[in-house]
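Numbering (the UniProt record's numbering), first residue to last: 1 to 132.
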Amino acid sequence: MLPTKPAPGQGARPPRPSRPAKPPRPGNGHRPPSGGGWHRPPSWGNGGRPPNFRPINRPGWQYPPGYRYRRWSIGFLLPALFLSSTYYFDDWNRYGLPRPPMGYRWVRYGPDLLLVWVATGRVEDVIYDAFY
1 MLPTKPAPGQ GARPPRPSRP AKPPRPGNGH RPPSGGGWHR PPSWGNGGRP PNFRPINRPG
61 WQYPPGYRYR RWSIGFLLPA LFLSSTYYFD DWNRYGLPRP PMGYRWVRYG PDLLLVWVAT
121 GRVEDVIYDA FY
């Protein structure tokens with residue numbers, strides 16, 4: 001005798017609903033979609049620096065309470081504390097940096113410069129050891 005399929009309602013299991021996907025949490029390696037306003041020019045060599053960039057000699061920098069050096073990467077979300085005029089670096093032209101696109105700002109974080117999409121805090125580009 002061949003096995004037969006049970007009739008609906010006669011021992012058949014209903015299909016299991018699929019679980020909704022959990023959205024990834026920022027800060028754990030997930031990179032949110034790009035804002036679309038910034039793409040590093042392919043001509044940047046020199047360790048990821050613009051061709052005319054000159055390292056910046058500025059006085060020491062104090063981290064706010066509770067913060068220490070962190071090596072930010074493209075796609076990470078910068079805390080809102082750093083999205084203020086205290087941390088904006090507006091002297092970009094003097095040091096050979098490109099003008100930030102509308103909605104973006106160069107932000108100093110310790111020795112590094114971060115190009116940040118201000119609306120979200122997303123790091124779009126990084127120049128490590130820009131300050132000495």
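Just so you know, even glycine gets a beta-carbon here, dropped at the ideal spot from N, CA and C.
Handout entry: L77 versus L114, G66 and Y88, residue with shortest Cα-Cα distance
Key = Walking along the sequence shown from the start, residue 77 turns up at place 77. Among L114, G66 and Y88, the Cα nearest to that of L77 belongs to L114.
Exercise for the section: Figure out for me which residue from Y69, A130, S73 and Q62 has the closest Cα to the Cα of E124. Expected result: Counted from its first residue, the sequence shown places residue 124 at position 124. When only C-alpha atoms are compared, the closest one is S73.
Handout entry: Residue closest to R122, alpha-carbon to alpha-carbon, out of A130, Y128 and V107
Key = Looking up residue 122 in the sequence shown gives position 122. That would be V107, whose Cα lies nearest to the Cα of R122.
Practice task
Return yes when the Cβ of V118 is within less than 8 Å of the Cβ of G103, no when it is not.
Solution key: Translated into positions along the sequence shown, residue 103 becomes position 103. Translated into positions along the sequence shown, residue 118 becomes position 118. Yes.
Problem - Buried versus exposed call for P64 [16 or more other C-beta atoms within 10 Å across all chains shown] - result: Residue mapping note: residue 64 aligns to position 64 of the sequence shown, counting from 1. By the C-beta density criterion, P64 is exposed, having fewer than 16 other C-beta atoms within 10 angstroms.
Handout entry: Nearest-angstrom Cα separation, counted from G110 out to G60
Key = The residue labelled residue 60 in the question sits at position 60 within the sequence shown. The residue labelled residue 110 in the question sits at position 110 within the sequence shown. Their Cα atoms are separated by approximately 8 Å.
Handout entry: Distance CB(W92)-CB(P79) smaller than 8 Å
Key = By one-based count along the sequence shown, residue 92 stands at place 92. By one-based count along the sequence shown, residue 79 stands at place 79. Not a contact, by the Cβ cut-off of 8 Å.
Handout entry: Pair within 8 Å by beta-carbon distance, R70 and Y88
Key = Numbered from 1 along the sequence shown, position 70 holds the residue referred to as residue 70. Numbered from 1 along the sequence shown, position 88 holds the residue referred to as residue 88. For R70 and Y88, no; Cβs fall outside 8 Å.
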